[in-house]
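Report on the following structure.
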Amino acid sequence: MFVVESVCVAWFTLEFLLRFVNAPSKLAFARGPLNVIDAIAILPYYVSLVFDVGEEAQDEAVMGAGRGYLDKLSLILRLLRALRILYVMRLARHSLGLQTLGVTMQRSMREFGLLLLFVCVAVALFSPLVHLAESELAPFAAAHPQHSFSSIPASYWWAIISMTTVGYGDMVPRSVPGQMVALISILSGILIMAFPATSIFHTFSRSYQELKQEYERVWKQESHEEMSDFSQEDFSSASKKESEGMTSNETHRSTLPPSAF
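Numbers -23 to -1, 1 to 238, taken from mature numbering (1 follows the signal peptide of the UniProt record, and there is no 0), label the letters of the sequence shown in order.
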């Protein structure tokens, strides 16, 4: 795996450097989001190599008090290695669907903000209700404290997983009032999730059509340029052959004897 990763990182590094050298504006290239992701995905490999060598040297020289520093350094190294998962983001350069998803998220920030606001308000509303229903109105909670909603902040987790219709089952209301609150929270979660979904879907569809048309326009432009270059080459070669033919005819005529006319 180390050899495979080394080959892949070497290829990515070469590609990144070539694109940086050929970029018309180096500053605009450095500010590009995908380019920043590429750099963040490539750098941990080289940093891990340097730290691995440094750790081997320090393990032999440092003992006792310096061990805590090495532990912190290894933790940072593991976090940097986890950033290698950003290699997956490179697929966005070649995938129309991922590009559409990114554009949709960028254009739908207001809708996502409204969705987050609705969820926060609903969680702040249903968490005290389920805590009251289970801790105050249900005698089952006193007999089985492991199933009780001990506090309102502890009930936030239940409200979130219920409103998003996940329902892990680690916190379940046992009383009838608690189940009524759960029913209302689940129905409210479905409605809240459905409110901005239509707008986000239309934004996704519009972004997909725009990117698709842009791809087709670029493809047609490149094809037209290739055809024009090919036709120019054919025209130049035909002109060259025609001029060579006229030259050969004039030479042939000049070499014929007078009696041939």
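Virtual Cβ for every residue (Gly too), placed ideally from N, Cα, C.
- For Phe172, the CB contacts under 8 angstroms within the same chain, skipping 5 residues up- and downstream, are Leu91, Leu92 and Phe95 in chain order.
- The three-state reading of DSSP puts Ser165 in helix, counting H, G and I together.
- Judged by their CB atoms, Ala99 and Gly166 are nearer to each other than the 8 angstroms cut-off.
- For Glu88, the closest of Ala159, Gln198 and Phe178 by C-alpha to C-alpha distance is Phe178.
- A distance below 6 angstroms between beta-carbons, with the five flanking residues on each side excluded, links Phe(-8) to the following residues of its chain, in chain order: Asp15.
- Judged by DSSP in its simplified three-state form, Ala159 adopts helix.
- With respect to Phe103, Ala131 sits apart: the two C-beta atoms are not nearer than 8 angstroms.
- DSSP, read as helix, strand or coil, puts Arg151 in coil.
- In this structure, the CA atom of Thr175 is about 39 angstroms from the CA atom of Ala(-1).
- For Leu73, the closest C-alpha among the options Glu203, Leu188, Pro21 and Met204 is that of Leu188.
- Rounded to the nearest whole angstrom, the CA to CA distance from Ala159 to Val153 is 10 angstroms.
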